[in-house]
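First residue of the sequence shown? That's 336 in our numbering, and the numbers climb one at a time after it.
Yeah, the Cβ is synthetic: ideal placement off N, Cα and C, and Gly gets one too.
Quick caveat, the model's predicted, so the values are computed rather than measured.
Data first, discussion second: the structure below is written as structure tokens.
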Amino acid sequence: MFVFVKRAALFSCALLITPSLAAADCLDSEPLQGLDYQYEQALRIGDRGFLKQLLLPDFVWVHNHAVAHESKADLLARLGPDYQPLKSREPSEVVVIRALDTAVIHGLSTVDKFTDGPRHANSYRFMRTYVLRDGRCRLLAGQTMKVWSTESEP
């Protein structure tokens with residue numbers, strides 16, 4: 336009888352621990368890089384539905400040497416009906432650092448805009464903080480700093 340009770344207790348503990356471990360996997364390097372790429376593409380095309388789900392209510396994005404910052408509401412408003420999708424938005428040199436239920440992802444993001452004239456591209460150093468909330472990875476904060484900009488081919 337004692338062995339049964341002991342096994343039942345261990346099984347119960349495993350059920351409590353396993354879902355949180357499985358959910359925490361979204362903060363591992365590969366899945367998080369995939370989620371962050373989805374974020375980049377949602378910004379590129381103005382996918383407000385995806386962003387509403389991904390961004391935490393207190394989300395903040397600090398741009399270019401703190402010249403501007405956006406809340407979740409500000410970002411969603413900017414991506415409204417008049418938003419013109421970008422030609423491309425591609426990350427590179429991406430690194431993930433994780434501590435418990437928080438992960439920071441950083442790298443470079445090169446943004447090409449649609450233009451009729453010469454190429455217009457910007458490259459940004461970015462850093463974003465994801466946290467595990469309610470079993471899902473959610474974006475809490477981001478910061479970008481322009482590294483270079485060009486009006487013609489590099």
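Limits of the alpha helix (DSSP H) - the one that residue i falls within
| i | result |
| --- | --- |
| residue 366 | 364-380 |
| residue 386 | 383-389 |
Residues near residue i in its chain [Cβ-Cβ closer than 8 Å; skip 5 each side]
| i | result |
| --- | --- |
| residue 357 | Residue placement at residue 357 is poorly supported in this model, since its pLDDT is 45, which falls under 50; the coordinates still yield a value, given next. There are no such residues. |
| residue 458 | 443, 444, 445, 446, 481, 482, 483, 484 |
| residue 376 | 382, 424 |
Start and end residues, beta strand (DSSP E) containing residue i
| i | result |
| --- | --- |
| residue 413 | Note, residue 413: premise wrong, no beta strand (DSSP E); alpha helix (DSSP H) at 407-413. |
Contacting residues, own chain, Cβ-Cβ under 7 Å from residue i (five flanking each side not counted)
| i | result |
| --- | --- |
| residue 372 | 426 |
| residue 438 | 362, 367, 431, 432, 465 |
| residue 442 | 426, 427, 428, 429, 430, 461 |
| residue 472 | 361, 362, 367, 370, 465 |
| residue 474 | 374, 389, 390, 391, 394, 463, 465 |
| residue 422 | 447, 448, 449 |
C-beta atoms of residue i and residue j nearer than 8 Å
| i | j | result |
| --- | --- | --- |
| residue 367 | residue 440 | yes |
| residue 386 | residue 396 | no |
| residue 469 | residue 456 | no |
Proximal residues to residue i (C-beta, below 6 Å), its chain only, five neighbours per side dropped
| i | result |
| --- | --- |
| residue 339 | Below a pLDDT of 50, predicted positions are generally treated as unreliable, and residue 339, at 40, falls in that range; no measurement from the model is reported. |
| residue 407 | 390, 394 |
| residue 398 | 479 |
Presumed contact (8 Å Cβ cut-off) between residue i and residue j, rounded CB distance
| i | j | result |
| --- | --- | --- |
| residue 424 | residue 444 | 6 Å |
| residue 418 | residue 477 | Not confirmed; about 18 Å, so no contact. |
| residue 383 | residue 420 | Contact flag wrong, Cβ pair sits at about 12 Å. |
Beta-bridge partners of residue i, as assigned by DSSP
| i | result |
| --- | --- |
| residue 447 | 423, 456 |
| residue 461 | 442, 479 |
| residue 474 | 390, 465 |
| residue 431 | 440 |
| residue 395 | 406, 476 |
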